[in-house]
Structure formats: C-alpha cells, structure tokens
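All remarks here apply to the structure that follows.
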Amino acid sequence: MSNAAQTSPAHEHATAAGGSDGDLTDHGDVRYIPAADRHEWSNEWLTSWQSFPADGNYDLERNAHGLLMVNNEDVVEAGNGFDSHQHRNTEVVTWVLEGAVEHRDSRGNHGVIRPGVVQRMTAGTGIVHSERNPATRSERTQTRVVQMWLPPDTDELTPSYADADVSQALSDGSLVPVVSGMRKYADRAAITLANRYATLHIARLPAGSSVEIPAAPFAHVFLARGDSTFEGLDQRLHHGDALRLTDAGDRRITAVTDTEVLVWEMHASFDF
Numbered sequence: 000m001s002n003a004a005q006t007s008p009a010h011e012h013a014t015a016a017g018g019s020d021g022d023l024t025d026h027g028d029v030r031y032i033p034a035a036d037r038h039e040w041s042n043e044w045l046t047s048w049q050s051f052p053a054d055g056n057y058d059l060e061r062n063a064h065g066l067l068m069v070n071n072e073d074v075v076e077a078g079n080g081f082d083s084h085q086h087r088n089t090e091v092v093t094w095v096l097e098g099a100v101e102h103r104d105s106r107g108n109h110g111v112i113r114p115g116v117v118q119r120m121t122a123g124t125g126i127v128h129s130e131r132n133p134a135t136r137s138e139r140t141q142t143r144v145v146q147m148w149l150p151p152d153t154d155e156l157t158p159s160y161a162d163a164d165v166s167q168a169l170s171d172g173s174l175v176p177v178v179s180g181m182r183k184y185a186d187r188a189a190i191t192l193a194n195r196y197a198t199l200h201i202a203r204l205p206a207g208s209s210v211e212i213p214a215a216p217f218a219h220v221f222l223a224r225g226d227s228t229f230e231g232l233d234q235r236l237h238h239g240d241a242l243r244l245t246d247a248g249d250r251r252i253t254a255v256t257d258t259e260v261l262v263w264e265m266h267a268s269f270d271f
C-alpha cells in the first residue's frame with residue numbers, strides 16, 4: 000500500500016546464499032536503522048514512512064536488504080487510499096496494525112483485512128488492484144499498515160491473492176512463520192510465498208518475553224509497535240526502528256513493553 004514503483008526486478012537478479020535453510024552460528028553484521036532515518040512522504044490523506052526508497056527503487060545494491068525491496072509503514076485517512084494501479088512480478092505482503100484495508104483486483108478477488116490478518120498478492124504476469132481505508136470519512140478512523148515487497152523466484156506466474164487470520168497462532172507470544180516459500184515452514188505458514196528463499200515471521204511479545212531470530216544470511220527485523228532490546232546491541236529499539244542482519248546468527252529480541260515485531264528470514268539476495 001504505497002506510492003512505490005510498481006514493477007520489481009526480474010528474478011534472475013536474486014541468488015541463493017548460505018546453502019539450504021541456513022545453520023549459521025557466528026555473529027555477523029547488525030545494522031541499526033532508527034525510525035527517524037526512514038524516508039517520509041505525505042499528502043492530504045497519506046503519510047508513508049519508507050525503510051527503503053520506495054519511489055523508483057532500482058538501485059538495489061544500496062536500497063534493498065537480502066530480498067526485501069520495500070518496507071513501508073503507511074497511515075491512511077478514512078475513506079481514502081490507492082485507486083486501481085498495476086503490479087507485475089512482485090510478491091506484495093500486507094500487515095495491518097490499526098484499522099482496515101479493503102482490497103479489490105482485476106482477478107475478481109476482494110477482501111477486507113484487519114489486525115491479525117496477513118495478506119499476500121502475487122502480481123505475476125500483471126494484476127491491477129486498489130487498496131483503501133474502508134472507513135467513512137465521518138468515522139475518521141485511520142488505517143496503519145505495513146506493506147513489504149519481494150521478488151518472486153520465478154517470473155510471469157499466474158496472479159493470485161490470499162489472506163489468513165493468524166491472530167490465534169500469535170497469541171502465545173512465539174515467533175510464527177506466517178508467509179513462506181521455504182520448505183521447512185510448509186506445514187506451519189498460513190500462506191505460501193512465490194520465493195523459496197524467504198519467510199515472514201511475526202511475534203506479539205508481552206513485556207519481558209523474548210524470541211530468537213532465525214539464523215539466515217539475511218534478516219530484516221522491524222519493530223511495528225513497542226520497545227525492545229536486541230542481544231549484542233546497546234541501542235534500545237523503539238517503534239519504527241529496524242535491524243538489517245547479515246550472517247548475524249541466532250540472537251534474541253526481548254520486549255521491554257508489549258511489542259509487535261516483523262522478521263524476514265532470507266536465504267538469497269539480489270546478485271550485484
């Protein structure tokens with residue numbers, strides 16, 4: 000749900016890293032990205048905080064991490080949103096934090112997603128869709144949503160759409176694979192992703208609890224709400240902060256306040 004460029008680079012620009020699903024144990028690079036360093040774009044109905052430059056992001060060596068090209072946190076005013084626009088050869092994953100997003104597309108799919116429901120759209124050969132805050136303007140209910148883009152590992156797929164309620168799976172405070180193309184999560188993830196090297200995990204952590212970030216050549220940790228600490232990092236994490244991990248091994252994130260965290264585990268990157 001963004002003003003980002005609408006076509007991803009072709010899949011041949013992505014190459015596997017670290018073998019299969021990864022058994023890394025070293026402590027590699029951890030790059031801390033404070034929320035204030037995100038690019039901010041706004042108009043009368045949208046405020047978008049972009050972890051990567053989302054408007055024409057073609058310099059992927061500088062403006063991507065692993066396979067993740069877009070990680071936008073958007074606030075959309077009631078009765079507004081993105082009218083029909085096209086995507087191609089992109090995996091679009093959407094997670095609502097507050098309010099709702101109404102999706103319609105040229106394949107006849109329609110869905111309204113709310114907090115606890117994850118959505119994946121495979122753009123494939125091309126799909127036109129709209130994304131709007133369905134609240135009436137008199138209700139003045141804002142939508143806050145995180146949208147993430149990755150390339151597929153195969154171009155020109157048949158476009159498809161899926162959503163799934165994962166709120167029950169998140170209720171025990173564990174790190175849950177919710178969208179995945181990786182074999183090892185095939186029986187656990189609620190939705191499949193058309194990239195066999197990537198998985199989105201989500202955790203809702205009560206204050207004082209912690210989870211271990213999966214070992215992978217690349218990981219992206221985004222704090223969607225709350226405050227937390229990260230093993231080996233002196234800096235406390237706040238809402239909107241992100242970590243870009245490279246061969247960083249297994250480390251724990253601990254909630255200082257009730258926290259919601261989105262973690263991409265990635266075993267490939269763009270081949271530069």
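Heads up, the sequence shown is in numbering that gives the first Met the number 0, so the first residue is 0 and it goes up one at a time.
In this text, a Cβ means the ideal position worked out from N, Cα and C, and glycines have one as well.
Taking the Cα positions, H128 is about 10 angstroms away from H109. Per DSSP, S50 lies in no beta strand (DSSP E) segment and is marked neither H nor E. Between V255 and A193 a beta carbon distance of about 36 angstroms is seen, past the 8 angstroms cut, so the two are scored as non-contacting. Distance check between D246 and each of D73, V69, Q234, H64 places H64 closest, using alpha-carbon atoms only.
If you draw a straight line from the Cα of L96 to the Cα of T153, it is about 30 angstroms long.
Q49 has its alpha-carbon roughly 6 angstroms from the corresponding atom of N70.
Within the same chain, L169, G172, E259 come within 7 angstroms of R203 by CB-CB distance, once the 5 residues on both sides are set aside. Counting along the chain, the unbroken beta strand (DSSP E) around T253 starts and ends at 250-254. Here the stretch 115-123 makes no contact with the stretch 71-83; the two share fewer than three CB pairs at distances below 8 angstroms. Residue environment: H84 is assigned as exposed (fewer than 16 neighbouring CB atoms within 10 Å of its CB, all protein chains considered).
When DSSP assignments are scanned along the stretch 184-224, the uninterrupted stretches of beta strand (DSSP E) that are 3 or more residues long and fall wholly within it turn out to be 197-204, 209-212, 217-224.
DSSP, read as helix, strand or coil, puts D257 in coil. By a beta-carbon distance limit of 8 angstroms, P151 contacts N88. Their separation comes to about 6 angstroms. A distance below 8 angstroms between beta-carbons, with the five flanking residues on each side excluded, links R195 to the following residues of its chain, in chain order: D152, G180, M181, R182.
Counting along the chain, no beta strand (DSSP E) covers S105, and no H or E run does either. Distance check between D257 and each of M265, R251, H237, N42 places H237 closest, using alpha-carbon atoms only. Spanning the alpha carbons of S159 and D233 requires a straight line of approximately 42 angstroms. Under the three-state reduction of DSSP output, S173 falls in the coil class, being neither helix nor strand. A distance below 8 angstroms separates the beta carbons of G98 and R143. The three-state secondary structure of D162, taken from DSSP, is strand.
Nearest Cα to A161 within the set G107, I190, P133, G239: I190.
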